[in-house]
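A.B. asks: Structure incoming, see below.
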Amino acid sequence: MILAFLIWSVVSLLFLGIGISGWRSKKAVGFFSFLKPPMVTDVEKYNHSVSILWIIAAIILELLGIPLLFLKQNSPLFILLIFGVVVLMIGMMIVYIKIETKYKK
1089 MILAFLIWSV
1099 VSLLFLGIGI
1109 SGWRSKKAVG
1119 FFSFLKPPMV
1129 TDVEKYNHSV
1139 SILWIIAAII
1149 LELLGIPLLF
1159 LKQNSPLFIL
1169 LIFGVVVLMI
1179 GMMIVYIKIE
1189 TKYKK
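Quick note on this note's numbering: the sequence shown kicks off at 1089 and runs consecutively.
Laid out in structure tokens, this is it:
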């Protein structure tokens, strides 16, 4: 299960990378794929808010993956991990919609 944890960690690092690149961006960053970023009133604050969202999601995702180090293969507890990821993704979408509403022109 160590390999599964390493793959999980790579995805968490990708989330972290998205957060860091968004923090440094001078243009408004997009959240959903294939959509143009919205026109915002304050690009810097918007980017920082979206970046914090991605960084927190990366931390939570990594914490959700820690049980992979201890669970046996085909454990029924994997359902909790999957449920946690689903809740995390839905939560990210809800928070992003609030961020977009706050900064949209």
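C-beta: ideal position from N, C-alpha, C; glycine also.
Answer yes or no: do L1149 and S1113 have a C-beta to C-beta separation smaller than 8 Å?
C.D. replies: It is not a contact, given that the beta carbons lie outside the stated cut-off.
A.B. asks: Assuming L1123 and M1180 form a contact by the criterion Cβ under 8 Å, report the distance between their Cβ atoms to the nearest whole angstrom.
C.D. replies: That pair is no contact at about 15 Å.
A.B. asks: Count the other C-beta atoms from every protein chain shown that fall within 10 angstroms of the C-beta of I1170, then say buried if there are 16 or more, exposed otherwise.
C.D. replies: It is exposed - the Cβ of I1170 has fewer than 16 other Cβ atoms within 10 Å.
A.B. asks: Applying the criterion that 16 or more other CB atoms from any shown protein chain within 10 Å of the CB defines a buried residue, is I1182 buried or exposed?
C.D. replies: Counting Cβ neighbours within 10 Å, I1182 comes out exposed, since fewer than 16 surround it.
A.B. asks: Compare the C-beta of I1108 with all C-beta atoms of chain C and state if any pair is closer than 8 Å.
C.D. replies: In the displayed structure, chain C is absent; only one protein chain is listed.
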